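Report on the following structure.
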Amino acid sequence: MCHQSVSLAARYLEAHGVATVVLGCARDIVEHCGVPRFVFSDFPLGNAAGRPSDVDSQRITLDLALDLLESARAARTTVQSPLVWSEDPGWKADFCDVSRIPPSELASRRDAFEAEKARGREVSR
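Numbering-wise (this note's numbering), the sequence shown opens with residue 12 and increments by one.
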C-alpha cells in the first residue's frame, strides 16, 4: 500500500481517537505527512513489516511498533529499526535501478508478479 495513503489514513484515525503506528520504508514521505508514530525500516519498499519469510525480523518490527504505541510521548515520533537489509549498501542502487537487472530476470519477476496478482483475484472472488 502507498506510504502516503497509509499516512493520511493514520492521521484521520488519530483525529478520531484511534491510536496508530505506521510501519514504512519511505521515511521522507511518512514524516512529511506528519504521522504521530512511525517505525522506519531501511528496507526495500514493500518490506516495512520485516524481511519476507523471516519471522524473527517481523517479530522485532512488531515489537518496535507496540513499544512505540505504548511509549511515544510526543507527536511525530520516529523510531528507526535496528535491522539491516544487507551489509552491502549496494542493494539500494540495485533495488532502484532496473537497468542493472538482466531482461530475462525482469521478465521472470514480471511473470511471478502477474501470477501472484491472479492468485489474489481468485482468492477474493
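Beta carbons are placed, not taken as given, at the ideal position from N, Cα and C, and that holds for glycine. The structure presented is a predicted model; accordingly, all values stated were derived computationally and were not measured.
Note to self: Here's the rule I'm using: 16 or more other beta-carbon atoms within 10 Å means buried, otherwise exposed. How should Cys-36 be labelled?
What the structure shows: buried
Margin query: So if DSSP puts Ala-90 in a beta bridge, which residue, or which two residues, is it bridged to?
Written below: Reading off the sequence shown, one finds Val at residue 90, where the question assumed Ala. BP columns for Val-90 point to Val-50.
Margin query: Measuring only the C-alpha atoms, how far is Arg-120 from Val-33?
Written below: 28 Å
Margin query: If you measure between the beta carbons of Ala-21 and Val-50, is that distance less than 8 Å?
Written below: no
Checklist line | Own chain, CB closer than 6 Å to Pro-55, minus 5 neighbours either side, in chain order | finding: Phe-106
Note to self: Using the Cβ count rule (16 or more neighbours within 10 Å means buried), how would you classify Ala-59?
What the structure shows: buried
Margin query: For Glu-42 and Arg-87, what's the separation of their Cα atoms in angstroms?
Written below: 7 Å
Checklist line | Cross-strand partners of Leu-56 (DSSP beta bridge) | finding: Leu-56 is not bridged to any residue.
Check: Tell me the DSSP bridge mates of Ala-34?
Finding: Reading the sequence as shown, one finds Leu at residue 34 and not Ala. Val-50, per the DSSP bridge assignment.
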